[in-house]
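J.: Counted the way this note's numbering counts, the sequence shown spans residues 31 to 339. Don't be surprised by glycine CBs; every beta carbon is placed ideally from N, CA and C.
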Amino acid sequence: ILLNCTGSDHQEYIKQQVQVKNPYLDTMEEDILYHFSLSTKTHNLPEMFGDIKFVCVGGSANRMKSFAQFIHQELKLPGNPEEVRDICEGTDRYCMYKVGPVLSISHGMGVPSISIMLHELIKLLHHAQCRDVVLFRLGTSGGVGLAPGTVVITDKAVDYSFRPQFEQVVLGKVITRSTELDEGVAGELLQCSSELQNFPTVIGKTMCTHDFYEGQGRLDGALCSFSHEEKLEYLRKAYEAGVRNIEMESTVFAAMCRVCGLKAAVICVALLNRFEGDQITSPHDVLVEYQQRPQVLVSHFIKKRLGLA
Ligand code: URA
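#1: Leaving out five residues before and five after Gly337 in sequence, what residues of the same chain have Cβ atoms less than 7 angstroms from its Cβ?
#2: Along the chain, where does the beta strand (DSSP E) that runs through Gln195 open and close?
#3: Could you pull the start and end residues of the beta strand (DSSP E) that Thr231 belongs to?
#4: Could you check whether the Cβ of Gln321 sits closer than 7 angstroms to any heavy atom belonging to the ligand URA?
#5: Between Glu60, Ser312, Glu277 and Asp39, which lies nearest to Ile144 when the distance is taken from Cα to Cα?
#6: Using the beta-carbon of each residue, find all residues closer than 6 angstroms to any heavy atom of the ligand URA and list them in chain order.
#7: Between which two residues does the beta strand (DSSP E) holding Ala158 run?
#8: How do the segment 98–108 and the segment 147–154 stand: do at least 3 beta-carbon pairs fall below 8 angstroms, yes or no?
#9: Could you work out which residue in Gln195, Leu211, Glu210 and Asp212 is closest to Val204 when comparing CA atoms only?
#10: Locate the beta strand (DSSP E) running through Phe97, then write down its first and last residues.
#11: Counting C-beta neighbours from all protein chains within 10 Å, is the total for Gln227 16 or more, i.e. buried, or is it exposed?
#12: Report the residue from Ser90, His157 and Asp162 whose alpha carbon sits nearest the alpha carbon of Asp56.
#13: Taking one C-beta from the segment 239–250 and one from the segment 215–230 each time, how about it: are there three or more such pairs within less than 8 angstroms?
#14: What residue ranges within the segment 165–218 form continuous beta strand (DSSP E) runs of no fewer than 3 residues, ordered along the chain?
#15: Going by DSSP, what residue range makes up the beta strand (DSSP E) through Ser134?
#16: Does DSSP put Gly337 in a helix, a strand or coil?
#17: For Ile19, count neighbouring C-beta atoms within 10 Å of its own C-beta (all shown protein chains included) and say buried if the count is 16 or more, exposed if not.
#18: Using 8 angstroms as the threshold, is the segment 174–187 in touch with the segment 264–282, meaning 3 or more CB pairs across them?
#19: Can you tell me whether DSSP reads Thr287 as helix, strand or coil?
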């Protein structure tokens with residue numbers, strides 16, 4: 031294919047590939063994706079994963095299994111959705127399910143956990159020669175001035191100072207990377223939300239913190255070094271800066287995808303309004319339904335892209 035490409039076709043072809051930014055990778059005889067229990071020598075990655083077009087990641091292993099079963103039904107694929115197999119069953123770090131062109135993977139909680147998973151996922155997509163892939167993080171979050179159940183599509187992931195950047199310490203020095211997400215995919219998702227019934231959705235900034243309690247200004251952790259008024263002032267500043275929800279993975283997700291040329295989106299449901307409290311008090315069945323909302327939205331997006339909706 032490449033031989034027949036003109037200059038601009040070739041550039042487009044390269045752009046659609048998953049670009050790892052590490053010159054050492056090509057010199058390695060084998061690449062062991064340790065936390066997935068997969069390797070380039072023991073697994074035929076292009077055969078296993080070459081047709082992947084949509085990668086959906088989320089914190090909880092159970093939720094990502096349910097998503098795999100749900101998308102199996104939505105895409106009307108043959109076979110029993112109950113029988114989806116965990117490709118990473120050789121490890122209990124992450125789980126991974128492949129359903130047609132969709133990969134569903136769990137990433138655990140927080141930046142370090144998702145970042146390890148993303149290094150191996152991006153290498154996997156590269157080794158498998160996947161092209162034209164869109165990544166989605168489907169999560170839960172604390173809403174900032176939003177009713178519980180509202181879905182937030184992130185336009186920019188921001189840090190604790192509301193800056194659209196992610197700081198990584200490399201060899202003792204701080205490297206700063208941009209956290210802007212794909213505008214086109216976010217717009218398409220917003221359009222999809224308007225086509226669903228009773229589906230409150232907003233677009234806004236998502237603040238990523240390194241902690242659920244003090245880091246998110248909660249008064250109910252084991253430690254708390256600030257007053258109720260100080261908490262509300264911080265949330266008010268966040269709201270004024272355009273922040274609509276708070277979670278713990280979006281900045282590194284956005285930064286890594288951007289550097290590697292992957293289109294990416296973050297879709298999180300707000301479980302509570304942080305101006306009104308800190309504890310998550312909604313009944314279990316209500317929370318289960320909220321957590322399905324990002325899945326329903328992304329499923330609608332995928333079906334539209336595949337011409338099935
Ligand atoms: N996840 C978070 O990080 N914060 C919340 O408040 C809820 C879910």
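T.: Taking the structure as given:
#1: By 1-based counting over the sequence shown, the position of residue 337 is 307. Closer than 7 angstroms at the Cβ level, and outside the excluded window around Gly337, lies no residue.
#2: Position 165 of the sequence shown holds residue 195. Counted as a single uninterrupted DSSP element, the beta strand (DSSP E) harbouring Gln195 occupies residues Gln195 to Val200.
#3: Stepping through the sequence shown from its first residue, residue 231 is reached at position 201. Residues Thr231 to Cys238.
#4: As a first step, residue 321 is located in the sequence shown; it is residue number 291 there, counting from the start. Relative to the ligand URA, Gln321 has its C-beta separated by 7 angstroms or more from all heavy atoms.
#5: Sequence index remark: in the sequence shown, residue 144 carries index 114 (1-based). Among Glu60, Ser312, Glu277 and Asp39, the Cα nearest to that of Ile144 belongs to Glu277.
#6: A Cβ closer than 6 angstroms to some heavy atom of the ligand URA marks a residue here, and those residues are Thr170, Ser171, Gly172, Phe242, Gln246, Ile276, Glu277, Met278 and Leu301.
#7: Position 128 of the sequence shown holds residue 158. Element bounds for Ala158: n/a, residue is neither H nor E.
#8: Flag = no, the segment 98–108 and the segment 147–154 do not touch.
#9: If you number the sequence shown from 1, residue 204 lands on position 174. For the residues Gln195, Leu211, Glu210 and Asp212, the minimum Cα distance to Val204 belongs to Gln195.
#10: Working through the sequence shown from its first residue, we reach residue 97 at position 67. Here Phe97 belongs to no beta strand (DSSP E); instead the alpha helix (DSSP H) covers Ala91 to Glu104.
#11: In the sequence shown, residue 227 corresponds to position 197, counting from 1. Result: exposed.
#12: Against the sequence shown, residue 56 aligns to sequence position 26. Between Asp56 and the set Ser90, His157 and Asp162, the nearest pair of CA atoms involves His157.
#13: Touching, no, given that fewer than three Cβ pairs across the two stretches are closer than 8 angstroms.
#14: Runs found: 181–188, 195–200 and 203–208.
#15: As a first step, residue 134 must be located in the sequence shown, where it is residue number 104. Where Ser134 is concerned, the enclosing beta strand (DSSP E) stretches over Val132 to Ser136.
#16: On the sequence shown, residue 337 is found 307 positions in, with the first residue counted as 1. In the structure shown, the three-state DSSP call for Gly337 is coil.
#17: No answer is possible for residue 19: the residues shown for the chain start at 31 and end at 339.
#18: In this structure the segment 174–187 lies against the segment 264–282, because at least three pairs of beta carbons, one per stretch, are closer than 8 angstroms.
#19: As a working mapping, residue 287 is identified with position 257 in the sequence shown. Looking at the sequence itself, residue 287 is Cys, so the reference to Thr does not match. Three-state DSSP puts Cys287 in a helix.
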